[in-house]
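Enquirer: Chains as they are written, first to last, in the working numbering: chain A, 1 to 426; chain B, 1 to 224.
Shown below is the structure under consideration.
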Amino acid sequence: MTKLLDKPFKAFTIYALIILLISIPIYFLVVDWIWVSEIDDHNLLTKNRVEDKLSKVQISDEELQLLLNTWNVLEPGSSIKELAKSRSKEDSTYEVTKFDEYQNETDRFRGLKGVIYIKGEPYLYAIEANVEESYETMFAIGLVTAVLYGLLVVGFITLNKSIAKQIWLPFDHTLSQLKSFDLKSSEGIHFEPCEIEEFEELNETVEKLILQNISIYKQQKSFIANASHELQTPIALLKSKLDLLFQNENLNEAQSELIQSIQIPLGRLTRVNKNLLLLAKIESSHFEDREQLDFAKILKNSLHFLGDYIEEKNLEFKQEIQSDQAVTSSRFLMETLVNNLLSNMIRHTASGGKIHVKLLEGRLIFSNSGLGALQKEFLFKRFAISTTETTSSGLGLAIVKEICLVNGWEIHYNFENFHHIFSIEL
Amino acid sequence: MKILVIEDEKELALDIVSYLGDLNYRCETAHDFATAKEKINLYKYDCILLDLMLPGGDGMSLLEILRAQNKQDGVIIISAKNALEDKIKGLTIGADDYLAKPFHHSELAARIHSVIRRKQFDPSNLLIQKEISIDLLSKVVKVAEHTVTLTKKEYDLLLFFIGNKNRVLSKSALAEHLSGDLADMFDSHDFVYAHVKNLKKKLNEVSYGGYLKTIYGTGYKWEL
Numbered sequence: 001m002t003k004l005l006d007k008p009f010k011a012f013t014i015y016a017l018i019i020l021l022i023s024i025p026i027y028f029l030v031v032d033w034i035w036v037s038e039i040d041d042h043n044l045l046t047k048n049r050v051e052d053k054l055s056k057v058q059i060s061d062e063e064l065q066l067l068l069n070t071w072n073v074l075e076p077g078s079s080i081k082e083l084a085k086s087r088s089k090e091d092s093t094y095e096v097t098k099f100d101e102y103q104n105e106t107d108r109f110r111g112l113k114g115v116i117y118i119k120g121e122p123y124l125y126a127i128e129a130n131v132e133e134s135y136e137t138m139f140a141i142g143l144v145t146a147v148l149y150g151l152l153v154v155g156f157i158t159l160n161k162s163i164a165k166q167i168w169l170p171f172d173h174t175l176s177q178l179k180s181f182d183l184k185s186s187e188g189i190h191f192e193p194c195e196i197e198e199f200e201e202l203n204e205t206v207e208k209l210i211l212q213n214i215s216i217y218k219q220q221k222s223f224i225a226n227a228s229h230e231l232q233t234p235i236a237l238l239k240s241k242l243d244l245l246f247q248n249e250n251l252n253e254a255q256s257e258l259i260q261s262i263q264i265p266l267g268r269l270t271r272v273n274k275n276l277l278l279l280a281k282i283e284s285s286h287f288e289d290r291e292q293l294d295f296a297k298i299l300k301n302s303l304h305f306l307g308d309y310i311e312e313k314n315l316e317f318k319q320e321i322q323s324d325q326a327v328t329s330s331r332f333l334m335e336t337l338v339n340n341l342l343s344n345m346i347r348h349t350a351s352g353g354k355i356h357v358k359l360l361e362g363r364l365i366f367s368n369s370g371l372g373a374l375q376k377e378f379l380f381k382r383f384a385i386s387t388t389e390t391t392s393s394g395l396g397l398a399i400v401k402e403i404c405l406v407n408g409w410e411i412h413y414n415f416e417n418f419h420h421i422f423s424i425e426l
Numbered sequence: 001m002k003i004l005v006i007e008d009e010k011e012l013a014l015d016i017v018s019y020l021g022d023l024n025y026r027c028e029t030a031h032d033f034a035t036a037k038e039k040i041n042l043y044k045y046d047c048i049l050l051d052l053m054l055p056g057g058d059g060m061s062l063l064e065i066l067r068a069q070n071k072q073d074g075v076i077i078i079s080a081k082n083a084l085e086d087k088i089k090g091l092t093i094g095a096d097d098y099l100a101k102p103f104h105h106s107e108l109a110a111r112i113h114s115v116i117r118r119k120q121f122d123p124s125n126l127l128i129q130k131e132i133s134i135d136l137l138s139k140v141v142k143v144a145e146h147t148v149t150l151t152k153k154e155y156d157l158l159l160f161f162i163g164n165k166n167r168v169l170s171k172s173a174l175a176e177h178l179s180g181d182l183a184d185m186f187d188s189h190d191f192v193y194a195h196v197k198n199l200k201k202k203l204n205e206v207s208y209g210g211y212l213k214t215i216y217g218t219g220y221k222w223e224l
């Protein structure tokens with residue numbers, strides 16, 4: 001994942017690099033062109049001045065010859081030589097690279113050859129001027145460009161950082177508020193007003209969205225509670241009618257067994273309904289009471305009711321209460337948690353298996369023997385039934401999870417050594 | 001024995017009356033707050049079954065009226081709300097028991113039996129049925145002159161049977177009586193067989209009247 005500002009930064013940097021790279025030959029061409037045409041102008045000017053000066057001096061032919069000889073020896077880079085009359089009068093410019101003995105290196109020269117007239121006689125005037133070597137120009141421009149590019153990138157990074165810090169401040173605020181948002185708290189989020197239009201719009205939209213969600217969540221919650229409440233009377237009637245039917249003296253064995261087998265799904269219906277109501281109650285913070293509970297006592301009480309089922313399946317039950325620390329919770333919720341986990345373990349442990357309940361310092365562990373690990377991600381979800389067994393309401397562990405949440409505990413599931421382990425961090 | 005069934009769901013009230021009628025209780029019904037209040041003021045009942053949600057008022061205030069008049073009628077709250085605070089409040093105000101809906105009629109009958117027994121001023125606290133006598137305080141069961149040693153669950157079952165004589169009791173009703181509402185977390189209640197079998201065996205050893213009958217392997221009956 002890249003950060004939002006790094007994306008344009010990268011693009012900008014690459015774009016700047018391309019432009020600067022292209023600029024190097026362009027600069028070079030421009031500079032070289034200016035350079036060359038200036039020197040050509042200069043050469044032409046020099047030629048004209050020399051012609052003008054020499055044509056104005058009043059000297060004899062011998063003296064002229066002497067002057068020209070001296071010129072050709074002393075004047076560096078230029079020469080005046082006699083010309084046959086038939087040669088062209090056009091000026092010509094040329095470029096040459098040759099070894100310069102004074103600089104002790106090969107150099108580039110720009111030259112001009114043209115005809116000048118002294119005393120009516122044509123002379124070939126040649127002048128050469130040193131031009132900067134092209135690779136030297138190129139190197140200089142390249143160096144400058146590289147330095148500028150460096151400055152550009154450093155500038156980009158610094159600006160990017162400082163702008164990011166300021167600009168994204170309201171966004172970070174929004175994000176942290178959203179992260180800590182809990183739909184169950186049923187309180188909306190209020191964002192602080194900010195100057196940036198886009199963020200302000202984002203905040204408004206998110207606020208609206210959250211309010212909508214809260215209202216839908218509330219509706220759904222009360223729907224579940226109302227629906228299960230409405231189901232209570234028909235369930236009670238069903239149970240009642242079945243009881244009366246069972247008293248009928250004319251029942252034969254098959255009918256009697258049929259009635260008995262209706263009791264089982266009816267029991268499950270009752271449990272699902274009760275659990276749905278219980279979940280709704282826990283979620284609406286119905287059990288806010290807290291007290292210090294003696295875990296051993298609660299476990300004993302639960303075993304009083306569940307002991308028969310443990311014996312029936314011939315399970316080996318072990319309890320280990322190392323810590324005498326009290327568990328702080330609503331009594332009802334703690335009892336429900338223990339009952340749900342214990343009955344779950346009893347149901348899912350194969351006959352002859354083991355069940356182990358431990359209370360250590362700050363940790364409550366329920367474990368039972370099993371063959372394979374359960375799917376962690378579905379375990380605590382509602383109605384995500386991982387077995388084909390019919391008595392499960394599909395809500396037992398969801399309730400356990402909810403109780404842990406209410407009490408600020410964390411529950412983890414692990415499968416180790418052929419044991420399912422539910423551990424609760426108190 | 002006179003019982004007032006205060007329950008707004010008429011069908012359920014009728015079923016209760018039907019079941020209890022066969023146990024020789026005389027039942028009256030009230031389906032709303034006003035009728036219930038009137039009956040409470042006019043008559044005396046051995047036990048009142050009180051639904052909390054009534055048309056015209058809260059069942060809890062009926063309980064308050066009753067206790068304010070210092071009447072000693074036994075009261076069992078039967079509520080669909082199954083709310084802990086209702087239970088605590090009801091028992092504090094002076095209800096004798098609390099039963100959450102849905103319930104088995106046999107469970108209700110056993111509770112009524114127990115409430116009425118407690119209300120009767122019998123200093124010996126002896127429950128006697130034919131040759132069986134049960135001391136409710138010391139929980140000692142005797143058949144003729146022989147003391148029968150029962151486990152807590154066998155003792156509970158015996159009282160449950162006596163409170164539901166001549167009624168067919170399903171296995172799930174017995175399991176619910178022994179395990180409370182945790183029973184519906186399981187679909188096998190085979191342990192009930194074992195407890196009933198043991199109870200039967202112990203009673204047979206002291207040759208009681210053989211009242212405990214098995215009905216088709218699906219239920220039991222205490223037949224007198």
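Note that the Cβ used here is the ideal one computed from N, Cα and C, for glycine as well.
1. Suppose contacts are defined by Cβ-Cβ distances below 8 Å. Is residue 166 of chain B in contact with residue 106 of chain B by that definition?
2. When burial is assigned at 16 or more other CB atoms within 10 Å of the CB, is residue 185 of chain B buried or exposed?
3. Nearest by alpha-carbon distance to residue 21 of chain A: which of A/49, A/210, A/136 and A/144 is it?
4. At a Cβ threshold of 8 Å, is residue 55 of chain B touching chain A?
5. Please classify residue 179 of chain A as buried or exposed, where buried requires at least 16 neighbouring CB atoms within 10 angstroms.
6. Are the C-beta of residue 236 of chain A and some C-beta of chain B separated by less than 8 Å?
7. Can you tell me whether DSSP reads residue 148 of chain A as helix, strand or coil?
8. State the Cα-Cα distance for the pair residue 161 of chain B and residue 217 of chain A, rounded to the nearest angstrom.
9. Does the distance from the C-beta atom of residue 406 of chain A to that of residue 359 of chain A stay below 8 Å?
10. Could you give the distance in angstroms between the alpha-carbon of residue 281 of chain A and the alpha-carbon of residue 375 of chain A?
11. Nearest chain B C-beta to residue 257 of chain A closer than 8 Å, yes or no?
12. Is the Cβ of residue 353 of chain A closer than 8 Å to any Cβ of chain B?
13. Which chain B residues sit within Cβ distance under 8 Å of residue 343 of chain A?
14. Which of the residues in the segment 157 to 173 of chain B, read from start to end, lie with their CB under 8 Å from any CB of chain A?
15. Does the CB of residue 217 of chain A have a neighbour CB from chain B at under 8 Å?
16. Which term fits residue 215 of chain A, buried or exposed, when burial requires 16 or more other beta carbons within 10 angstroms of its beta carbon?
17. For residue 410 of chain A, which beta-bridge partners are listed by DSSP?
18. Taking only runs of the beta strand (DSSP E) that begin and end inside the segment 107 to 175 of chain A, which ones reach a length of at least 3 residues, in chain order?
19. Check whether the Cβ atoms of residue 16 of chain B and residue 49 of chain B lie closer than 8 Å to each other.
20. Would you report the Cα separation of residue 208 of chain B and residue 228 of chain A, rounded to the nearest angstrom?
21. Would a check of beta-carbon distances place residue 227 of chain B closer than 8 Å to chain A?
22. Count the other CB atoms within 10 Å of the CB of residue 469 of chain A; is the residue buried (16 or more) or exposed (fewer)?
23. Between the beta-carbon of residue 53 of chain B and the beta-carbon of residue 97 of chain B, is there less than 8 Å?
24. Span of the beta strand (DSSP E) holding residue 271 of chain A?
25. Going by Cα to Cα distance, which pick from B/173, B/143, B/215 and B/192 is closest to residue 202 of chain B?
26. Any Cβ of chain E within less than 8 Å of the Cβ of residue 399 of chain A?
27. List the residues of chain A that residue 84 of chain B touches, going by C-beta distances under 7 Å, in chain order.
28. How would you label residue 409 of chain A, buried or exposed, when you count the other beta carbons within 10 angstroms and need 16 or more for buried?
29. Leaving out five residues before and five after residue 87 of chain B in sequence, what residues of the same chain have Cβ atoms less than 7 Å from its Cβ?
30. Is the Cβ-Cβ distance between residue 78 of chain A and residue 126 of chain A less than 8 Å?
31. What are the boundary residues of the beta strand (DSSP E) that residue 358 of chain A is part of?
32. What residues in its chain sit with their C-beta under 7 Å from that of residue 270 of chain A, if we drop five residues either side in the sequence?
33. Output needed in chain order: residues of the segment 57 to 69 of chain B with a Cβ under 8 Å from some Cβ in chain A.
Expert: Reading off the structure:
1. No, Cβ-Cβ distance for residue 166 of chain B and residue 106 of chain B is not below 8 Å.
2. Of the other Cβ atoms in all chains shown, 16 or more fall within 10 Å of the Cβ of residue 185 of chain B; this residue is therefore buried.
3. Of the listed residues, the one whose Cα sits closest to residue 21 of chain A is A/144.
4. Residue 55 of chain B does not count as touching chain A.
5. Exposed: under 16 other Cβ atoms inside 10 Å.
6. Judged by the 8 Å Cβ criterion, residue 236 of chain A is in contact with chain B.
7. Looking at residue 148 of chain A - three-state DSSP - the assignment turns out to be helix.
8. Taking the straight line from one Cα to the other gives about 48 Å.
9. The answer is no: Cβ separation not under 8 Å.
10. If you take the alpha carbons of residue 281 of chain A and residue 375 of chain A, they lie about 27 Å apart.
11. It does: the Cβ of residue 257 of chain A has a partner Cβ on chain B nearer than 8 Å.
12. False, the Cβ-Cβ gap to chain B never drops below 8 Å.
13. Correct list: 182, 185 and 186.
14. Flagged, chain order: 167, 168, 170, 171, 172 and 173.
15. Residue 217 of chain A is outside the set of residues whose beta carbon lies under 8 Å from a beta carbon in chain B.
16. With fewer than 16 other Cβ atoms within 10 Å, it is exposed.
17. Answer is A/425.
18. Runs of the beta strand (DSSP E) inside the segment 107 to 175 of chain A: 121 to 131.
19. It is a contact, given that the beta carbons lie within the stated cut-off.
20. Roughly 47 Å between the two C-alpha positions.
21. This structure gives no information on residue 227 of chain B, because the portion of chain B shown stretches from 1 to 224.
22. Past the boundaries of the shown model lies residue 469 of chain A; chain A is included only from 1 to 426, so the question cannot be answered.
23. No. Outside cutoff.
24. Residue 271 of chain A -> not in any beta strand (DSSP E); alpha helix (DSSP H) instead, spanning 253 to 283.
25. Nearest option by C-alpha distance: B/143.
26. Reference to chain E is not applicable here, since the protein chains of this structure are A and B.
27. Those are 332, listed as they occur along chain A.
28. Answer is buried; the Cβ neighbour count reaches 16.
29. Answer for residue 87 of chain B: 98, listed in chain order.
30. Yes, these two residues count as a Cβ contact at 8 Å.
31. From DSSP, the beta strand (DSSP E) with residue 358 of chain A extends over 354 to 360.
32. 235, listed in sequence order.
33. The segment 57 to 69 of chain B vs chain A, Cβ under 8 Å: nothing.
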